[in-house]
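Under full-length UniProt numbering, the first residue of the sequence shown is numbered 748, with each subsequent residue one higher.
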Amino acid sequence: AKQSGRNCFEFFNHNLREQAQARMDLLKNMRYGIEQKQFDLYYQAIVNLDSGHIHKAEALLRWRHPTRGVISPAEFIPLAEESRYINPLGQFVFTRALQTLTVLRAQVDANFQLSINVSPVQFSCLDSGIDQWPALLKAANLPPSAIVSEITEGLMIAPEQLTQQRLKALVKSGMELALDDFGTGYSSLAYLQQMDADYLKIDKCFVDNIQADNQDLALCKAIITMAHQFGLKVIAEGIETPEQQQLLLGIGCDYGQGYLFAKPLPEQEFLALVSNQSTT
Ligand code: C2E
Ligand code: CA
Ligand code: CA
Ligand code: CA
């Protein structure tokens, strides 16, 4: 028993060490990866559920690692946040989004709007560069409302004063705001009203199980009604079936995002997708 216990411990220990090593490797690679331009933005269509038109999209970060292939943001964003590499990455996301937006507005729709994900860490680090965003938009000849910042509910629960000030400044500049993953956290209605957000994104977990006459459908309906009363448009995430699309349209949802319409695509493929729609 003693022997096997010891083996167990060593196995456990070994695994932990391996995991820690993998994290360290990824961290070391991250700095190099930023320099080597291994990061790229993909774009996922946000579809107007009523008209089927696409004049919005969400920018999603991808890491093309030379040996590991494409690494998911779910894996590297937490590391980037801990290490503060999220700040240079966030600046890359913003400037890259502006470039794509310029092309989209010239070639597809003059009012095209892109959403970017902004980490709470970017709001709490003074050197994240977010305060320069309104000026960068202006320099690129784009109106502030061309960019939507997606923030999670986490940011809304007792935010630091600095975070609150900087968020307010972005909103005041005319940039738009979306509450991401709505329903998974604890944000109250009071925050919704206070933050003056423009969009509410219903999390995929609610969309997954909606079917006629069930509780998740009733919940989505209640969220949509409430959001509309606060003057927010609603985007449902993770729509994978025509049934989900129909049900959401039926309860007044404004926009949808999900594999049913399109997966996140590299810039050129996304451009091809949305250019086709404007000619048909
Ligand atoms: P998110 O902001 O909630 O983004 C939506 C995620 O759902 C994306 O995963 C997208 O690919 C996925 N998705 C969309 N439609 C469907 C569907 O129909 N079915 C399924 N199964 N999935 C769908 P992704 O790209 O892996 O991103 C994961 C998370 O990483 C994002 O969740 C966001 O929190 C974070 N993230 C991505 N890019 C950035 C970034 O530039 N900055 C920051 N701070 N976070 C980012
Ligand atoms: Ca998002
Ligand atoms: Ca606004
Ligand atoms: Ca989300």
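C-beta: ideal position from N, C-alpha, C; glycine also.
Between 881, 1012 and 833, which lies nearest to residue 920 when the distance is taken from Cα to Cα? 881
Got a sec? Which residues, its chain only, sit under 7 Å from residue 956 by beta carbon, not counting five neighbours each side? 963
Could you please go through the chain and list the residues whose beta-carbon is closer than 7 Å to any non-hydrogen atom of ligand 2? 805, 862, 864, 897, 927 and 948
Going along the chain, which residues of its own chain have a beta-carbon closer than 7 Å to the beta-carbon of residue 879, five neighbours each way excluded? none
Which stretch, first to last residue, makes up the beta strand (DSSP E) that contains residue 808? 801-812
Given a threshold of 16 other Cβ atoms within 10 Å of its Cβ, counted over all protein chains shown, does residue 844 qualify as buried or as exposed? buried
Where residue 1011 falls: helix, strand or coil (DSSP): coil
Helix, strand or coil at residue 946 [DSSP, three-state]: strand
How close, in whole Å, do the beta carbons of residue 786 and residue 859 come, if the pair is a contact with beta carbons under 8 Å? Actually they do not touch by this definition, with Cβ atoms about 22 Å apart.
Identify, in the order they occur along the chain, each residue of the same chain with its Cβ nearer than 7 Å to the Cβ of residue 985, setting aside the five sequence neighbours on each side. 951, 954, 955 and 1005
Report the CB separation of residue 932 from residue 970 in whole angstroms; it is logged as a contact under 8 Å. Their Cβ separation, rounded to whole angstroms, is 13 Å, which puts residue 932 and residue 970 out of contact at 8 Å.
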